[in-house]
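Report on one structure; see the data block that follows.
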Amino acid sequence: MTKRRPPTSHTPIHFDPTLPADLLTTQNVSSTFQIPSESSVGAAISLPPADPSPAASSGATARSSASKRNMLFQEQLGQHETTRFSAVFVENQDSFGAVMVDATNSDYHELGREPDVMARSRVDLAVRTLLNFPSVRTCDMLLTGIHHLYDVWLSPTMIQQCLKQAWTEYASELGEPRTRESMLRVVNDLFINQKRPHPTPDCEYAGNSDHASWINWFGGPHLRWEMIGILFSWAGIAFRCKQEWDPVFDLPEQHGRNRNTAAEKMRECAAACVRLCEGNFEISDTMVICMKNSTRLQSIIISDESDRVRVDYGTVRSAFISAGLHRLAPSKEITPFSQHRASLASSMYYHDKCHSLFNARPPMLSKHYCQCPLPLDLCEEDVYGDRERLTVAIAKLDSNGWNTTGHIYTTTWLRALTMLSPIREGILELTLSLNSNFTKPQVEDLQVQLGKIVASYPPHIQYQGTSEWHAQSSSRFHERSAQEAYIITRIQLDVLQCHFLLQRLLVSRQFSGGQDLFDIAQETMSVILSLWLNRDQLHEFHHAFDWIAVSYGMPCAGILCVELLRASNLVPPATQSELSSTIRGHDCVRFSRSEVVQNLVMFRALLDWIRPTDNNAQLSKKFKAVLQRIIDAVFDSLGSSYGMQTQEMPSEQQSQRHSGPQDQQSPGQNLPAATGREYDIDTEMNAFNDMDWLNTVDWTQNVNPTPMTMSPNDTSSIPRQPVENATVPFWHRDIHELHDHRTTEELPVSSDVVIIGAGYAGISTAYHLTKGEASDKKLSITILEARSVCSGATGRNGGHLRPDMYTPMTRLIDRAGVERALEVTEFEIAHVHAIKSLVEKEKIDCDFSLTRSIDVWTNGETAQKAMDMYDTLISRNLDYMKDVFFVLGKDAEGISGVKGAKACASFTAATLWPYKMILHLTASILETGLVNLQAHTPVTSVSRQPSGSFIVTTPRGTTVARKVVYANNAYISGLLPQYREAIVPCKGLCTHISVPEGTRAPLLNNSYIVREEDNVVSYLIPRADGSIVVGGANLRYHPVLSSWYDNVDDSVLIEEVKNHYEGYMQRHFNGWEDSGAQVDKVWTGVMGYSWDSQPHIGAVPGEDGQFVLAGFNGHGMPQAFLSALGVAKMVQNGIGFEDTGVPRLFETTKVRLEAARNGPFGGDILGVNR
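Taking this note's numbering, the leading residue of the sequence shown gets 5, the next gets one more, and so forth.
The following block contains the structure:
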């Protein structure tokens, strides 16, 4: 168990210079496994047969011994290199031996010269480079994420060992402060090592098969500039994988750099190391690794479509071939060397095909000239541990070299992708060959081989669809982590990409219609979106999302767009030749238009979410603009045909693709017969009601729409007003006499202040103006409420008065700095005590209870992330964190009572009956005689008069106000259109759970936030009678945008989650298994979610006399009461926002409104902000 309270100090890396003893002899692995061959998965995936000759690998045996270099030519050659200019001499070296010895180039590696006689520029470059070597604590912090890189070119063992070597030997030189003189000592050693021959060891030689030999090959006495360059590249990539708020960027040695500038500095140093290796005698494996990682870092910083990156990768592959890594014979003895080289070769072979497909350029590596045996499916700890451990691990592999434990290692992912490389190469041959006239059987043969490859994958990497992200893993080995689910999903994307490209080949020659291609595109898009929707579990992989979007998503989105445009009659008429080919080769494509548009909209949100600093950000931005125009065009065509009658979403049956032919064309789909482009879209699916839900979303940020009677771009006419017949919450069980109160039969003629909304914010404002700190006994106040008092979000919430102590802090610090972020948390903490004092002062009977709130994590990975976040906040010495008690480990379940808890945190909070509190305050303010309350009086407009006063219009008449306070939260944009993008109404769901009458519920003393294994979050409070109020689970319905986003209909439950809490207590809480607890009340409510996660408080920008309290993000209980006090002071005393005591981040400003209007669609609400 790990219990955290006091601040933690930074602990540097502890380096152990000792190496393990020699390893035992390993068994011959050739008898224990077989690489997939023609007999197992088909001929098309089999690489050329191995050359049994010892000379078959030019990079291994032939160049393995330094003694064999006493010859005329720099490189030995393999048996396959008979065309080489020196082949005759090398083949007959016994005959030429004496002559060749005399002519040997032995002085080439002379070790006597010191750096001071070298070119000064190289020394200066070397010193400047090492001055930027990451500090020991920087390395320590970067190493925390090294196991999430899943890249054989960045071996954690190699990186950690070289860092250990550097900081053990050169601790004083690389420590602080660094000087040119101290760097010269390191530079001298590196240049001397650089002069020594650095042959690749013989992988078959027993003396080279142990851990120590492998370590000493790239480190130890052979630490060279290549390894220093690899370390710089690793550091740069690690910087890019960090979030901007990561504490590593606060270190003084970073000199204020962020993730981008820090990575760029590391890239410059890695490139310098490559230049410092230019005098090498030959290209070694480590040199190839150095060049590859430097180029990868370059591609991360700039775009993958850059010609510069293509050229650099071409250089790397040339070096790869020069090192002989392209032609490796399967090892008879499995050693760290052979496994490492097989991993590098397989990876390069895969990436060669991957980049070739991405850029539509011929590959440099071909099956005709390459032999790349698959590495075994082993973890690095087994490979680079000791001989006995390696032997045991090999014995556990299956006959094809896969691990049988169900774990997913870097090599597991690599093997799965490499097995697809022959399919990719076949696609490239058919696509890029000159005068290619491929046949349908050739493509179908590749399809068959692809199916066999996927079928040969072991069960633990077989894709299980959306169940990859659910708690009940289909794996028979263990519950699947988010990282493993990510890797399996990425493998599936590669498989789908192969299917997609093969279908493209068939369609291009009219061998197939478009239905299969469309279905694969749609499936691929769904898989991509499943990753994006689970991005909160995948922080370590956020850096890869731009590549996923560009490489896998864009081509599939293109197919969806093409079919959508065709179905909307938005493509040019076909010529007669096109017509005949279309009729011959293009089947009618059946699909649900709403499903396609929803996927495209979500994909657009993903593109919006990609950071401007990501390497493919510009490409994503360009495609996003194209995608937006297509969506706009489709809506324009529909809007002009159908008008804007509002209808419900289609049923689930309507959303499915129809398989049978349809006799009746939909209105608006009467394409001219000459086009030949008829699309079998069902009438019901093609009707406008299939698309109406999308009209609640603003698709047109930064787009100039085409004028029309009612454009879908014009969402301002869609009402954001409360609906009638809302679901009844548990809190309304005992209706107060003031529930539907009207103080007077008619509206008052005028008031000093009109408050719109009789919920938490509105009633609190009136309280402060009449009885609180900002009271004025001469002030007249009218409160206008569209429905009943406290019928909105406050009367429908979970009764939880809980400050958010740490979850949003890191993001707030990143965006606004520590000081402003701290204001928010301390403001929320102050609410607990302010409401406690209010309840005591006014003697409010509302079941108020001061308690501890327990946050629970049942997912091990998110628990560790929470721990890391806790440590980050503790390290900043934030005083309020003293109230937080954090437990990580086995005791979390015992402390929290939640089954499977991996971590929990507790802090002071409160629970209450919100409806009772608000109605008590309502009665209290009405007793002053200063307030006129008018329930069931919705405000339809507010207009300013020349005199400066306001006319407030309702269906019951008008009233005049000197000042207006908008406390209508989710509905504010119905009256103030400038808030349309800034505050969006979003639905949520809550329930009441009770045990059977006559039984006693198990005791719960605390309130809860429970994060389930699949990161579904629920909030929960226990009540004195033993019942439970619990709600949330928004992750369950988040993908169905129409069910909750920009939705004000709280008369309808959220279908996807309405039954989620049946059996909830029995599933998640110890001791409740036999309680008989069941849901007896379910309701929904509408919250005002803000684009940037902060409420809007203060004077409406540019509007004198108008004030706003809205956008509390379902978190108003610890924010609204004191925010209302700040607004009351502004209304009554005319003070500025800065004097209200409300956090600066809450102030409503023109800048915030414009950011929401011009920024990514949905902002923080859809998780697309950074």
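All C-beta atoms, glycine included, are put in the ideal place defined by N, C-alpha and C.
8 Å contact criterion, which V956 and V968 should meet: CB distance rounded
The beta carbons of V956 and V968 sit about 7 Å from each other, so the pair counts as a contact at 8 Å.
Using CA atoms only, rank isn't needed, just tell me which of T941, T148, N972 is closest to G763.
When C-alpha distances from G763 are compared across T941, T148, N972, the shortest belongs to N972.
Other residues of its chain near Y174: CB distance less than 6 Å, five sequence neighbours each side excluded:
Apart from the 5 residues on each side of it in sequence, Y174 sits with its Cβ closer than 6 Å to the Cβ of V190 in its chain, given in chain order.
Our contact map puts C166 next to E230 with C-beta atoms below 8 Å; I'd like the distance itself, whole angstroms only.
E230 and C166 do not touch by the CB rule: their CB atoms are close to 10 Å apart, not below 8 Å.
Which runs of the alpha helix (DSSP H) spanning at least 4 residues fall entirely within the segment 1083–1158, listed in chain order?
If we require 4 residues or more, the alpha helix (DSSP H) runs fully inside the segment 1083–1158 come out as 1124–1137.
C-alpha gap between N1137 and V757, whole angstroms
Looking at the two C-alpha atoms, the distance is approximately 13 Å.
Residue of L1113, E865, A905 minimising C-alpha distance to A1103:
Of the residues L1113, E865, A905, the one whose Cα lies closest to the Cα of A1103 is L1113.
L1126 beta carbon less than 8 Å from that of H835:
Yes, the pair counts as a contact, with Cβ atoms nearer than the cut-off.
Going by Cα to Cα distance, which pick from D289, I338, E844, P1000 is closest to R321?
Nearest option by C-alpha distance: D289.
So if DSSP puts Q375 in a beta bridge, which residue, or which two residues, is it bridged to?
Partner residues in the beta bridge of Q375, as assigned by DSSP, are R331.
Length-filtered (4 minimum) alpha helix (DSSP H) runs lying within the segment 517–545:
Runs found: 519–537.
Name the two residues that bound the continuous alpha helix (DSSP H) containing G1036.
Judged by DSSP secondary structure, G1036 falls outside any alpha helix (DSSP H) and instead within the beta strand (DSSP E) spanning 1032–1036.
Proximity to S754 [Cα-Cα], best of Q487, S326, R966:
Minimum Cα distance to S754 is reached at R966.
Starting from C143, follow the alpha helix (DSSP H) in both directions and report where the run begins and ends.
C143 -> alpha helix (DSSP H) spans 140–147.
Please determine if the segment 938–954 and the segment 734–751 are in contact, where contact requires at least 3 C-beta pairs separated by less than 8 Å.
The answer is yes - the segment 734–751 touches the segment 938–954, with three or more Cβ pairs under 8 Å.
Could you pull the start and end residues of the alpha helix (DSSP H) that G430 belongs to?
Where G430 is concerned, the enclosing alpha helix (DSSP H) stretches over 425–436.
Where T414 sits in the DSSP three-state scheme:
The answer is helix: DSSP assigns T414 an H, G or I state.
Per the contact definition of three or more C-beta pairs closer than 8 Å, is the segment 917–928 in contact with the segment 885–904?
With the rule of 3 Cβ pairs closer than 8 Å, the segment 885–904 does not count as touching the segment 917–928.
Tell me whether W861 sits in a helix, a strand or coil according to DSSP, three-state version.
W861: strand per DSSP, three-state reduction.
Using beta-carbon positions only, say whether V1034 and S1022 come within less than 8 Å of one another.
For V1034 and S1022, yes; Cβs fall inside 8 Å.
When DSSP builds the beta bridges, which residues end up paired with H1179?
Residue 1179 lies beyond the residue range present for the chain, which begins at 5 and ends at 1174; the question has no answer from this structure.
Alpha carbon of Y874 to alpha carbon of G893, nearest angstrom
Distance between the alpha carbons of Y874 and G893 is about 15 Å.
Rounded to whole angstroms, how far is the Cβ of I635 from the Cβ of L604, which I believe are closer than 8 Å?
Indeed they touch by this definition, with Cβ atoms about 6 Å apart.
Within 10 angstroms of the Cβ of V404, are there 16 or more other Cβ atoms? Answer buried if so, exposed if not.
In the sequence on display, residue 404 carries Asn and not Val. Result: buried.
Report the three-state DSSP secondary structure of T30 (helix, strand or coil).
Bear in mind that the predicted position of T30 carries a pLDDT of just 30, short of 50, making it unreliable; the figure below should be weighed with that in mind. The answer is coil: DSSP assigns T30 none of H, G, I, E or B.
Comparing alpha-carbon positions, which option in I614, S641, S516 lies nearest V593?
Among I614, S641, S516, the Cα nearest to that of V593 is on S516.
Could you check whether the segment 455–469 touches the segment 433–441, counting it as contact only if at least three pairs of C-beta atoms, one from each stretch, sit closer than 8 Å?
Taking a contact to require three or more Cβ pairs closer than 8 Å, the segment 455–469 and the segment 433–441 do not qualify as touching.
Please state the DSSP three-state secondary structure of F639.
Under the three-state reduction of DSSP, F639 is assigned to helix.
Cβ contact check for the segment 1152–1159 and the segment 837–846: 3 or more pairs under 8 Å
Between the segment 1152–1159 and the segment 837–846 there are fewer than three C-beta pairs closer than 8 Å, too few to call the two in contact.
What is the rounded straight-line gap between the Cα of H344 and the Cα of P379?
Straight-line Cα distance between these residues: approximately 8 Å.
Candidates G978, G901, V793, D1053, of which the one nearest H736 by Cα
Of the listed residues, the one whose Cα sits closest to H736 is V793.
Can you give me the C-alpha to C-alpha distance between V843 and F852, rounded to a whole angstrom?
So the two alpha carbons sit approximately 8 Å from each other.
For R1161, which of helix, strand or coil comes out of DSSP?
R1161: helix per DSSP, three-state reduction.
For I1139 and H1100, I'd like the C-alpha separation in whole angstroms.
Straight-line measurement puts the Cα of H1100 at about 17 Å from the Cα of I1139.
Output the boundary residues of the alpha helix (DSSP H) element that contains F515.
Segment: none, F515 is in no alpha helix (DSSP H) and carries neither H nor E.
Output the distance between the C-alpha atoms of F236 and Q982, rounded to the nearest integer angstrom.
For F236 and Q982, the gap between their C-alpha atoms comes out near 48 Å.
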